[in-house]
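With this note's numbering applied, the sequence shown covers 1 to 141. Structure first, then comments.
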Amino acid sequence: MTPTMSQPTRHVKGIVQLDLIKYLRVYQRSNPLPGLSAEAEELLHSRVIVSSWYALAPFLELLAATDSLILKGDENAALELGASAGSQLLRSSYRAYIRDGEFAESVMAVRHLWGTHYDFGAVTAELQADQTSVVFTITGF
Numbered sequence: 001m002t003p004t005m006s007q008p009t010r011h012v013k014g015i016v017q018l019d020l021i022k023y024l025r026v027y028q029r030s031n032p033l034p035g036l037s038a039e040a041e042e043l044l045h046s047r048v049i050v051s052s053w054y055a056l057a058p059f060l061e062l063l064a065a066t067d068s069l070i071l072k073g074d075e076n077a078a079l080e081l082g083a084s085a086g087s088q089l090l091r092s093s094y095r096a097y098i099r100d101g102e103f104a105e106s107v108m109a110v111r112h113l114w115g116t117h118y119d120f121g122a123v124t125a126e127l128q129a130d131q132t133s134v135v136f137t138i139t140g141f
């Protein structure tokens with residue numbers, strides 16, 4: 001991409017951000033979140049609509065603040081937070097993707113969620129020969 005061409009703004013759905021924003025609002029009552037951009041501050045204090053699209057950059061900034069200030073770079077804590085958020089999300093209207101007792105089909109179906117959350121990139125999934133694991137590949141991120 002040449003310097004004169006502008007990169008299109010990438011977006012994320014409100015539903016992906018909602019729990020993080022709620023958590024940070026509670027955290028911020030007793031702990032400052034220093035150094036946030038005006039856009040991240042606005043997102044943090046706005047009414048997030050789950051079905052609306054929001055610029056990706058402020059969300060990533062809030063994730064980075066969470067990692068550095070709260071999780072302190074602990075990868076295990078980040079994985080636990082992500083797993084918890086993903087579990088919550090899959091208990092919402094996205095539960096239609098999950099079939100009891102159908103591990104492989106359920107995990108493979110999750111690849112279709114990317115486009116409902118992000119307006120860029122794509123996800124492919126490959127069920128491994130052992131039928132107990134899946135490799136997800138994200139392109140265009």
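Beta carbons: idealized from backbone N, C-alpha and C, even for Gly.
Are at least three pairs of beta-carbons, each pair with one atom in the region 106-118 and one in the region 65-82, less than 8 Å apart?
No, because fewer than three Cβ pairs between the region 106-118 and the region 65-82 fall closer than 8 Å, the two stretches do not touch.
For the region 119-137 against the region 31-49, do three or more pairs of beta-carbon atoms, one drawn from each stretch, fall closer than 8 Å, so that the two count as touching?
Cβ pair count under 8 Å is below three, so no.
Do Ala65 and Leu33 have their beta-carbon atoms positioned less than 8 Å apart in this structure?
For Leu33 and Ala65, yes; Cβs fall inside 8 Å.
Helix, strand or coil, according to DSSP, for Ala55 in the structure here?
Strand.
State yes or no: is the C-beta of Arg111 within less than 8 Å of the C-beta of Ala129?
For Arg111 and Ala129, no; Cβs fall outside 8 Å.
Taking its Cβ as the centre, do 16 or more other Cβ atoms sit within 10 Å of Glu102, making it buried, or is it exposed?
Counting Cβ neighbours within 10 Å, Glu102 comes out exposed, since fewer than 16 surround it.
For Gln88, which of Thr9, Leu20, Arg10 has the nearest alpha-carbon?
For the residues Thr9, Leu20, Arg10, the minimum Cα distance to Gln88 belongs to Leu20.
Can you give me the C-alpha to C-alpha distance between Leu69 and Val26, rounded to a whole angstrom?
Looking at the two C-alpha atoms, the distance is approximately 14 Å.
CB-CB under 7 Å to Gly14, same chain, minus the five flanking residues each way: which ones, in chain order?
Cβ neighbours of Gly14 beyond the five flanking positions: Val48, Ile49, Val50, Ser51, Ser52, Tyr54.
Which one of Glu61, Tyr94, Arg29, Phe136 has the shortest CA to CA distance from Glu39?
Among Glu61, Tyr94, Arg29, Phe136, the Cα nearest to that of Glu39 is on Glu61.
Specify, as a first and last residue, the run of the alpha helix (DSSP H) that Ile15 falls within.
Ile15 -> alpha helix (DSSP H) spans 14-28.
Quick check on this structure: which residue in Thr137, Tyr94, Val135, Leu36 has the alpha carbon closest to the alpha carbon of Phe59?
If we check each option's Cα against that of Phe59, Leu36 comes out closest.
DSSP three-state call for Leu127: helix, strand or coil?
Looking at Leu127 - three-state DSSP - the assignment turns out to be strand.
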